[in-house]
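Heads up, the thing below is written out as structure tokens.
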Amino acid sequence: MSDAAIIRVRGLRKVYETGKVYVEALRGVDLDVPAGEFLSIVGPSGSGKSTLFHIIGGLTPPSAGEVVVADRNVSAVGDSGRTELRRKLVSFVFQKFNLLPNLTARDNVRTALYIAGRPTDPFDTPFLNILDLLGIAGRLDHKPSELSGGEQQRVAIARALATKPAILLADEPTGNLDSRNSLAVLNILRDLNERLHQTILMITHNAEAAAFGHRILHMSDGRIVDTPV
Amino acid sequence: MVFRLVWENVRFRPVRTLLSILLIGLQVTLILTLVGLTRGFIDGSEKRNEGVGADLIFRPKDSAFLSSFSGSPLSEKFIDQLAKEPHVVATTGVVTQLIGGAFDSISGIDQASFIHLSGPFMFLEGHGLEKPDDILLDRYYADQRHVHAGQRIGVLKHDWNVAGIVEPGKLAHLFVQLKVLQDLVNSTGKVSQIYIKLDDPRNIDLVKKELDAKYEGYPIYSMKDIESYYSVDNIPLLKYFTDAVLGIGVLSGFLVVGMSMYMAVLQRTREIGILKSLGASKAFVMGILLAEASALGLGGTVAGIVLSFGTRALMNTLMPASLPQAIVPDWWPWAALIAIGGALLGSLYPGMLAVRQDPIEALAYE
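One line per chain: the protein sequences are A and B, in this order. Residue numbering for the first sequence follows the numbering used here, beginning at 3 and increasing consecutively. Residue numbering for the second sequence follows the numbering used here, beginning at 4 and increasing consecutively.
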């Protein structure tokens, strides 16, 4: 793990406006994540962890504050800048896997590579090693509907890593898996972090899952708090 | 990769894809069928006129060639008068009268002079016009009315004896004696036009020039003129009709494709969210949707062309005389342009909605 922060957040606020109702999802978050860290963020529903995740990943803009990801000021860029961030610097693993259902696992990976502007064929050796580590090298020509939940999440992880992102953002990656597959996915994430020094930011409800990270942050009412709520 | 994405999208929902292609195809068929019917009618009329074998056609004073398909405002005294002109070897006057149905007409002929000019009819059944209530039908009309020689049919509120069935391609689908039709339509001594045969086709320009000078105000057409006059543009009613139908076809095609693409975008909200989470730009997502629309438009064009052969078979079976439908390959590119253009335009709005979608909301879409 490096001391240099790959994610730096200062005074981050986010307000959602629904008609005349304003909901303050983040109320001033400060955060530093060193490169190579596996950080778990835990908190109850509505604590703001998903909003923080979405802002760091460039899925939504902040209302105020500064977010710097891999030396890019995400808070200062527009929609196209956030699109570029998603294309080049961050990748997502979601609770619902979010694979393209009409494509095979291989084509899901190739689509991510194509969008990132990387060669789509053949896969390079480091990525083939990742596929071996994930245990899905033999399942690439199957569509998501032909794969188990655990396999689908591994394909999602493979797709996320194919573009060699600076940061892997995992949103409840075990939320839709049974305990055996949950454990396998968490072990894979820890392995990837240890072997490849992949920076991982994982949000979860689950304390056991959070324990796989180097550090656990707790969120409540839109703030990072010192102790679990 | 884009091709693969589009292809897999189209393949993934086969029912929606087939329905979209069919709906677009129906618009294409509608356009090709209506253009084909117009062309078939014009081509049929042209061929039948050419089939008479005349070199010149003499029309009533101040009449445009295709201004009327019916009526007989020309005195039949011109028939003998024209027969005496230099280089003229035969003339025959014809009365043309519209009958029930939009484009059907009956021709009154003087059988002897008509055959002298045009040559004999090719009989498939029966014989020529002998009695006042005899009628000759060409094969198309006989098939359409399911009649044979010896049977009776009603035309112009008159009961006729089908004297014979002849090969099509000569002047009209129905023939009766000139005098009988003149009396029936209160045009005794009048004809609709006079056909003129010359001793040598090389004299056409010369004779036409002389007749133009002598019979000022009476339009005289050569067969070459007829070829150029027989087009939709020279029949204002048909042109408006064709334009209106095309307009409706394009508009309804646009709406159908628009609805189809709107549904497609709704169904794929989550997938669009996934693409955006992978860093796909607005242009990329829009490109995928437009490529898919183009593929559906192209598929619809092919389906429409194939279906237009079906409608032709249907028309030619049910109403070969009244509604002859031509296959119009020169309209296929236009049909493709309309279908693909409609598909692209129709998918623009849902496409714009798709690319503007918030990726978080899109990913949460169930």
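We treat Cβ as the ideally placed atom computed from N, Cα and C, and that holds for glycine.
- In summary, A/Gly137 is exposed, with fewer than 16 beta-carbon neighbours lying within 10 Å of its beta-carbon over all protein chains present.
- Judged by pairs of C-beta atoms under 8 angstroms, the segment 70-86 of chain A does not touch the segment 17-29 of chain B, as fewer than three such pairs exist.
- Classified as exposed, A/Tyr24 has fewer than 16 neighbouring CB atoms from the shown chains inside 10 Å of its CB.
- Annotation: the segment 185-228 of chain A contains the following complete segments of the alpha helix (DSSP H) (minimum length 4 residues), in chain order: 209-212.
- Looking only at A/Val227, A/Gly119 and A/Ala172, the smallest Cα-Cα distance to A/Gly215 is reached by A/Ala172.
- Residue-level contact check: B/Glu295 does not touch chain A, since none of the beta carbons of chain A fall below 8 angstroms from its beta carbon.
- Within chain A, no residue has its CB atom less than 8 angstroms from the CB of B/Ala357, the nearest being about 14 angstroms off.
- For B/Leu340 and B/Val253, the gap between their C-alpha atoms comes out near 10 angstroms.
- Checking the DSSP bridge columns, you'll see A/Tyr24 partnered with A/Glu19.
- Contact of B/Met264 with chain A by beta-carbon distance below 7 angstroms is absent, the smallest such distance being about 17 angstroms.
- Look at the segment 73-149 of chain A and you find these whole runs of alpha helix (DSSP H), each 4 residues long or longer: 81-90, 107-117 and 127-136.
- As a beta-bridge residue in DSSP terms, B/Gly167 pairs with B/Gly129 and B/Leu139.
- Here B/Pro204 carries a helix assignment [DSSP, helix/strand/coil].
- For A/Phe94, a Cβ of chain B is located within less than 8 angstroms of the residue's own Cβ.
- Within the model, the alpha-carbon separation for B/Ala216 versus B/Thr95 is close to 21 angstroms.
- Looking at the backbone, the Cα of B/Ser297 and that of A/Val35 are separated by about 46 angstroms.
- Here A/Arg84 has Gly60 as same chain residues with Cβ atoms under 6 angstroms from its own Cβ, once five neighbours each way along the sequence are excluded.
- DSSP places B/Gln180 outside any alpha helix (DSSP H); the residue lies instead in the beta strand (DSSP E), whose first and last residues are Leu177 to Gln180.
- For B/Pro362, the C-beta contacts it makes with chain A under 7 angstroms involve Leu61, in order along the chain.
- When DSSP states are grouped into helix, strand and coil, B/Phe124 belongs to the coil group.
- Contact annotation: B/Gly349 and B/Gly261 have beta-carbon atoms nearer than 8 angstroms.
- B/Thr245 and A/Gly140 have their C-alpha atoms roughly 59 angstroms apart.
- B/Ile27 is positioned such that its CB atom lies closer than 8 angstroms to that of B/Gly303.
- Closer than 9 angstroms at the C-beta level to chain B, one finds these residues of the segment 112-142 of chain A: Arg112, Thr113, Ala114, Leu115, Tyr116, Ile117, Ala118 and Thr122.
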